[in-house]
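To keep things clear, I will list the structure first and then write my remarks on it.
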Amino acid sequence: MTNAVDGRDQFRWTHMMSRCQAVAAERSYSISEYPTEYCVGRSVDKEDLNTYGICLPQPCHNDRYRLLEEWISLVRNSSHTKEAETVICQRSRKEKEWYEMWLPLLDFCITFTFILIVGLATAYDMARGGAMAECGQSSTIKQIFLAYSLKKNGKKLTALPKDANATITCMFGIRFFSIAWVIAGHSFVMAQGFLGNVTSYQIHGSQFANQWMSNGTVCVDTFFLLGAILTSFIFFRGYAFRDRNISWRSFKFWTMFVVQRALRLWPAYIMAISNLSMRWAFTLTSEPWPSFDTFKHCSKD
């Protein structure tokens with residue numbers, strides 16, 4: 001059962017589960033009159049190491065053990081019913097919609113609030129204009145508010161510094177190849193759940209010439225490298241050590257370095273993790289495969 005649910009063979013079962021759930025024809029705006037569920041389990045016979053799956057109408061949920069036992073006996077061509085154990089079922093439609101649970105609603109409200117702030121900041125920044133900008137130093141609250149402006153951030157993202165020494169140009173190529181590798185690697189992994197014969201796909205991916213696809217997770221190291229170099233580069237250039245009389249050997253120096261690193265990365269990490277575990281995990285109409293349930297795994301961690 002472990003190999004089926006968490007191992008490399010799980011993509012076989014996710015494909016069969018998706019076909020079973022497709023029979024119900026569930027839609028986000030319409031509840032199916034004939035919901036289904038896909039159940040997998042094993043026989044109590046220790047000599048039988050196979051895992052068996054069966055697609056059932058959801059009203060038969062209480063009889064899932066008996067029906068799976070009948071299916072096991074039929075597949076093994078046995079006259080005696082094989083008792084089943086550890087039956088796991090995934091419904092074609094979740095018991096509750098995302099808007100009926102407070103965690104997804106909370107995350108949705110927080111995300112919508114950020115979108116509203118970005119929209120208002122952008123509108124205000126465009127309305128004030130360059131020539132109409134207020135004279136003098138803006139207040140701290142106004143500066144924080146304008147930091148969310150798409151107009152202001154768009155210019156910073158697309159414009160290169162005038163000082164050539166302020167840019168590490170080689171990182172543009174590393175970033176491009178890393179992002180392309182991430183997209184290719186995720187496409188290679190996600191496609192397995194939509195294939196009827198995963199074995200040929202896995203054999204193809206295990207060939208030496210295709211190691212760049214099957215080892216797409218290695219490209220994560222380049223993002224760690226880029227993040228560390230850019231943080232160090234910006235920190236060492238922007239920090240006036242001599243004016244503050246702080247030596248690079250002091251504890252305060254490295255504390256400020258770590259704090260700056262955390263302040264730059266943690267908001268984005270918290271936003272991504274909360275969206276992934278608290279909202280995106282609930283947007284699907286059908287129940288996900290156990291190992292793909294991000295909310296369940298993030299709650300444990």
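Going by full-length UniProt numbering, the sequence shown opens with residue 1, and the numbers climb by one from there.
Glycine residues also receive a C-beta, built at the ideal position from the N, C-alpha and C atoms.
Residue state for Ala-159 is assigned as coil, using DSSP reduced to three classes. Apart from sequence neighbours up to five positions away, the residues of its chain that approach Arg-264 with a beta-carbon distance below 8 Å are Thr-231, ordered along the chain. Between Lys-142 and Leu-106, the alpha-carbon positions lie close to 27 Å from each other.
Straight-line measurement puts the Cα of His-80 at about 31 Å from the Cα of Pro-290.
With a 10 Å radius around the Cβ and a threshold of 16 neighbouring Cβ atoms, Ser-28 comes out exposed.
If you look at Ile-88, you'll find it isn't in any alpha helix (DSSP H); it sits in the beta strand (DSSP E) that goes 84-91. Rounded to the nearest angstrom, the gap between the Cα atoms of Trp-280 and Leu-68 is 32 Å.
DSSP places Glu-287 in the coil class of the three-state scheme, outside both helix and strand. Burial is judged here by how many other beta carbons sit within 10 angstroms of a residue's own beta carbon; Thr-51 has at least 16 and is buried. The C-beta separation of Pro-104 from Met-278 comes to about 6 Å, placing the pair in contact by the 8 Å criterion. By the neighbour-count definition (other C-beta atoms within 10 Å, threshold 16), Glu-100 is an exposed residue. Less than 8 Å separates the beta-carbon of Leu-56 from that of Thr-36.
In this structure, the alpha-carbon of Ser-149 lies about 37 Å from that of Ser-286. Residue pairing by DSSP puts Tyr-52 in a beta bridge opposite Gly-41. Taking C-beta separations shorter than 7 Å and ignoring five residues to either side along the sequence, the partners of Met-213 in its chain run Ala-184, Gly-185, Phe-188 and Gly-205, following chain order. Of all C-beta pairs linking the stretch 58-73 to the stretch 39-47, three or more are shorter than 8 Å, placing the two stretches in contact.
DSSP places Arg-27 within a strand segment (E or B) once states are collapsed to three. The alpha-carbon separation between Ala-228 and Gln-260 amounts to approximately 12 Å. Judged by beta-carbon spacing, Ser-92 lies within the 8 Å limit of Ser-32, meaning their Cβ atoms are closer than that value.
In the three-state reduction of the DSSP assignment, Thr-222 falls in the helix class, which pools H, G and I. Runs of alpha helix (DSSP H) with 4 or more residues, each lying fully within the stretch 185-211, are found at 198-205, listed in chain order.
In this structure, Leu-120 lies away from Ile-174, with their beta-carbon atoms at least 8 Å apart. In the structure shown, Thr-81 adopts coil according to DSSP, grouped into three states. In the three-state DSSP reduction, Thr-122 falls in the helix class (H, G or I). For Thr-217, same chain residues with a beta-carbon under 7 Å away, outside a window of 5 residues either side, are Gly-185 in chain order.
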